[in-house]
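Data block below; observations after.
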Amino acid sequence: MSELDFLLSFAAVLLLGMFCCGRDRRAGWAAMAVYGAMILAVIAAGARVSAGQTIPSALSFSILGQKLAWRMDGLGWFFTMLTAGSAFFASWYAAGEWGRAQKRMKRQHILLALNVLAMILLVNSGDLLSLFIGWELVSWAAFAMMAQKGGPATPAAFRYMIYALAGAMAVFAGIMIVHSITGSFAFDAFAKAVPSLSSGVLWLLFALFAAGLGVKMAIVPFHLWQAPAYSETPGASSAFLNAVSARMGLFALVLVLIKVIGLKTLGGLSLPLVHVSAKTLLMWIAAFTMVIPTFIALMQTDARYLLTWHGIGQGGYMLLGLLVGTGLGAGGGLMHVFNYATYQMALFLAVTAVIHRTGTSDLDRLGGLITRMPWTYVTLLMGIIGLAGLPPMNGFVSKWLIYRSLLDSGAPFLLIMAFVGTLGTILSVYKLIHNIFLGRLRPEHEGIREAPWSMVAPMLALGGIGFLTGWFPGLALDLTDIAQSAIGAPVLAHTLGGVVTPRGALDMIWLVSILLAAIGFGAIVFYLMGNRRYEVDQLNNYAGGHFLSPDVPYQFSHEFYPGLSRVIGPWYRGSIVRLERAIGTFADVAGDLWQGLFRVAWTPLYALFAAVIALFWAVNGGMQ
Amino acid sequence: MTLLADIVLMPLIAFVTGLALVLMARRVRARIERRVGPPVFQPVYDIVKLFTKKTQISHGVMHDLSIVLLLGGYITAEIFLPVPGFDGLAHQGDLLTLIYIMMVPMLGLALGVGSCANPNGSIGISRALTAMLAYDVPLAVAVIGATMTYGTTDLVKIVEIQQAGGVATWGAATMPLLAIGGYLAVHGMFGKEPFEIYIAPAEIATGPMVEMSGKYMGALFVMQCFQLYTIGVLYVTLFLGGGENWPAFLLKVFAVVFVSIAVTNVYGRYRTDKVVRWMWKWPTGIALVGLMLVLARQGA
Amino acid sequence: MTDKPLKANERPPAGAEEAAGPAARDAAGPGQACPAPSPQERGVWRKIMDRFADHCRARSLFVLHYCTGCGAIELPPTITSRFDMERVGITPMVTPRQADILLITGYLSIKTLKRVILSYEQMPAPKYVLGFGSCTINGGMYWNSYATVKRLDQYIPTDLFIAGCMPRPEAVQQVLLQLIEDIDSGRANAWRDYYRNYDFYLGNQQALFGPKWNTPTDVIGEAEHYGLAGEGTYGPHTKLLAESGGTPMELARAERPARAITGRRKP
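Have a look at this one:
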């Protein structure tokens, strides 16, 4: 049994186990143990995969003369590791008090295991049809996970399903076109046939695959479904979805467009009049995906929605880096996938802890929780520093790599868009941490306790991983090397501390060490000079001579950026929302028309006619 | 050994120069208002007085830690900023790193002000972050254009390239539009009128400083010294040829800050949305034109 | 306390200043944050640091821009070009947290006195109060009114008074220079009196505002933190304060006992 088979069987066994015993109190810990074993299996596979081998699986079957097989190469290994790691932390979080407080934890366990199994099947697929099978499995498993809570989750999940099905049909159409050209589903056959394809066919394939696979990634203009769907999922599962599920779309895009079709081909494929190549078009779509959802996130008043909108934006960064294609760009993009998984999970688990304790995630009705939930605050702080891409966390390194690659390839306007996205992120994450943890503590939250250790430990572990890979980015870059060589991008030469390029270097070991030393020196200056501090109550505050009392709120939370909203608010005219609604209305009208055609009063008469004609044809045709 | 000397001396030089810059700012303001202005050691008196206050009011551990983060962030930024004779760690972290390190103190200040639980402070930080979004866009355009012209983001090399041919190879001479757009962005970065919206003393009770007293406010004063110095030196390094020697370098830094301060004292204060709109129109527009000229020149 | 007329700068005889016993001196108790030993007891290093600190403190003073009454009209000329306070290092600041000097410029109505006391307590020590105008000395023009306060230093300790109605900027300058000299020589210590004789001041405040008067500032806690709590700090009036329930936050906490929330409630 190869390591891939181990992984598949672990996931299948866990799924069955959760079916029968998911209600048990220790089910969460058992799930965590199994996912931990899967991580070990992935690490064991890593030794073989990094040497360039692919690990085959025993799972394969033949259909219509085509052989479908599953195998693990570098890219699949990377995403499998992310999947197993995210599931491990999600189940750890849900194993203790949080799981006990949920109404249907068994269902969550089952669906998490199902999603993991589906994702492993997807990322380790060996040809186009197995890719499609995995794709559909992932779509449906994710739908089940999103819809499980009911209530507002149902329309959001249904909307996701419509997008996903439409995208899947586009992908299927593309696969069928490839099959009709090459006669097989194998990746190699496709790659070999690409240079001989005409530009029209290539554009069609590019459009079908980019749109179909990009729907899962929620690139603009398909970005409307992701935030509500991911936000209404229960906490730990939502963290898992945020961290990995959207990256399935990125995986498939990278596989089909970058590895199989190739960036050179995409770069040479240009629109006739405007001379914009497919690669540039996709890069600009990624750039808009970076900027637009980030500023939508800024306006959100629900903490979960804010984070999920940021997830859409960060996907744009990853796609952009991978599309640049150089060692720096691909390394930055892949490392961003890894980094994003760590800090987005940390952020989402922290917000779920807040919801668990206070019962609300409304940013206008929280505040001052730092005194009551300090460890959750620390996690959220590490998460937002990572999300904003500031040193010393890992998000800074991947963003630096992506910026560097954009500079080297001479794309200044894309770099400006990336920078604007980062600035918007900084604003919006500060709003998140301020409205939840800083400011004034509300009287109704006076009695809140910190989240239990079963919830705090995985959060802090994720934050710690982020800090560690920020200090020693070589650790994460070793992992992305494996994936990078698998997709055919040049390998990034890196040290433990960072990279050295001829035009500018980054050494995180020096940077973080100096930063910590400077903070230490600042602490010496601050604590030793000057007298000892005296801590005061939050009511002992400047209010223009006014006497503060606990029943009158004295907090600035609502509409945190009014000046900015006044400027960019009018730019968000809801065009894409209206387009979506228009398509829905069109489908409604077309359905009504179609119904009007065949739904008439004389149905038995039609049935009689159809039976007579069929009898006539059977008698006549059957005679021959 | 020289690295250790760099690490210790560079922040110290930055602090002392920053004190002189703060004094210059107050004296220039006084002269414009036909007054005398404070004595020479006034910034030192202010900082010592604040640190020796008997009452140090704190609003929690985060309040203290954020001030420490603030100081630490700027000290780190100084070590990565090359000055004549001291390269520091400029080879291990380039221009992009420096710009990101300069955002760490802002984050520290934001966290500290948030923990003060005063809405005046929170409004001040909201405005400060919005203003940061506003002026960072033209700054990004100017920095990117400069980087593309020099072909590197290593600050030491950028200075070397500019000093190779005297004044004619300075950034301001080879990319005048980018230099102008960058200067307008830098003026916004100083946080002086007309972009002083985040302090706004009469409106929001000095915004972030509202609940800062004693050594907390002293640390903010120290931050102001570092801030004037860092931004001035950054602009001089990018567009004014860096420092061939100490007198020329100091002259350039003081000139950059002087022009900004002189303009400041004759302006009122723009509203937040006006800051955003103005910054995204004029400096960004000028810098974008400059960037396109740079691209055209490189393509040709 | 008898209500005999006090001269300017005269401290109420609560016994702390005149008594020569050790309890009267600001002794450094265990765990005191900023022990303030009496001038004779300090070591050499401490003397040098205090001298340096006083030197800097005298040359950098922030005035709280708090305009109480009509005397505030004389502040702008003192700050601006003609009389230029910034020459001696004095600048206006906005909040009590940032200010060193509280200028009570004019008459004080009862309503304003509450806010003045709140602002005074929010200012970090060392802090200096200047009574500006005759209204703060003996009621001035409103000596016969039922709605104003006649003697400022019965409610908060005052360093210097400026007579006049209202005093011209030259008079203001003279007093500020006198204050600078006092600080420089270490004589301006009226702020300690608030902690040392809190019961006296609180008593006067309670006589005006009622027995339930309190501010969010924990003055007794601060007095203990800074080692200035003495015999005059506690008394019948502070007992009333403690009985009234304490600070508003403590009152609120008493109404809502801490309870743990472990599950999701309906948002």
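Protein chains in written order, with my numbering: chain W, 1 to 624; chain R, 1001 to 1300; chain L, 2001 to 2267.
Cβ coordinates follow ideal geometry from the N, Cα and C atoms, glycine included.
Distances from the alpha-carbon of W/G76 to those of W/G28, W/V244, W/G267 and W/F413 put W/V244 closest. Residue pairing from DSSP places W/S277 in a beta bridge opposite W/S270.
The DSSP-derived three-state label of W/S513 is helix. For the region 1054-1080 of chain R, the beta-carbon criterion of a distance under 7 Å to any beta-carbon of chain W is satisfied by K1054, T1055, Q1056, I1057, S1058, H1059, G1060, M1062, D1064, I1067, V1068, L1069, L1071, G1072, I1075, T1076 and I1079. A direct Cα-Cα distance of roughly 47 Å separates W/A489 from W/G368. Residue pairing for W/I370: DSSP places it in no beta bridge.
Judged by pairs of C-beta atoms under 8 Å, the region 2189-2198 of chain L touches the region 2229-2245 of chain L, as three or more such pairs exist. Per DSSP, W/L390 lies in no alpha helix (DSSP H) segment and is marked neither H nor E. Counting of Cβ neighbours within 10 angstroms places W/R23 among the exposed residues, the total staying below 16. Here DSSP, grouped into helix, strand and coil, assigns W/R573 to coil.
W/A236 sits away from W/T379, with the two beta carbons spaced by 8 Å or more. Secondary structure note for W/E535: its beta strand (DSSP E) is the uninterrupted segment R533 to E535. Following the DSSP letters along the chain, one finds W/P56 inside the beta strand (DSSP E) bounded by residues I55 to I63. If you check the CB distance, W/M119 and W/M38 do not come in under 8 Å. Nearest CB-CB separation between W/L334 and chain R: not below the 8 Å threshold.
Within the DSSP bridge table, the entry for L/L2064 names L/M2093 and L/L2102 as partners. Interface with chain W (8 Å Cβ-Cβ cutoff): R/K1252 is excluded. Per DSSP, W/W140 is one residue of the alpha helix (DSSP H) stretching across L128 to A147. In this structure, W/P570 and W/E97 do not form a Cβ contact; the two beta carbons are roughly 46 Å apart against a cut-off of 8 Å. Here the alpha carbon of W/T80 sits roughly 7 Å from the alpha carbon of W/V42. R/I1204 sits in a helix when the DSSP states are folded into three classes.
What L/L2118 touches in chain W, judged by beta-carbon distance under 7 Å, is G545 and F547, going in chain order.
Distance from the Cα of W/G327 is smallest, within the candidate group W/H494, W/G389, W/Y377 and W/P392, for W/H494.
Fewer than three Cβ pairs drawn from the region 358-376 of chain W and the region 311-327 of chain W lie within less than 8 Å of each other, which leaves the two stretches out of contact. The beta-carbon of L/T2095 is placed less than 8 Å from the nearest beta-carbon of chain R. Within chain R, the residues placing a beta-carbon under 7 Å from that of L/D2084 are R1035 and V1036, ordered along the chain. Taking CB atoms only, W/D302 has no neighbour in chain L less than 8 Å away. Proximity of chain W to L/Q2122 at the Cβ level (cut-off 8 Å) is accounted for by N540 and Y542, in chain order.
Partner residues in the beta bridge of R/S1058, as assigned by DSSP, are W/E535. DSSP, reduced to helix, strand and coil, places R/S1213 outside both helices and strands of the structure shown, so it counts as coil. Three or more beta-carbon pairs separated by less than 8 Å are not found between the region 343-352 of chain W and the region 328-335 of chain W, which leaves the two stretches without contact.
Within a 10 Å sphere around the beta-carbon of W/H275 sit fewer than 16 other beta-carbons, which makes this residue exposed. Here DSSP, grouped into helix, strand and coil, assigns L/S2109 to strand. For R/M1212, the chain L residues whose C-beta falls within less than 8 Å of its own C-beta are R2097 and Q2098, listed in chain order.
Interface with chain L (8 Å Cβ-Cβ cutoff): W/Y305 is excluded.
Taking 9 Å as the Cβ-Cβ cut-off, the region 2207-2226 of chain L approaches chain W at T2215, P2216, T2217, D2218, G2221, E2222, H2225 and Y2226, given in chain order.
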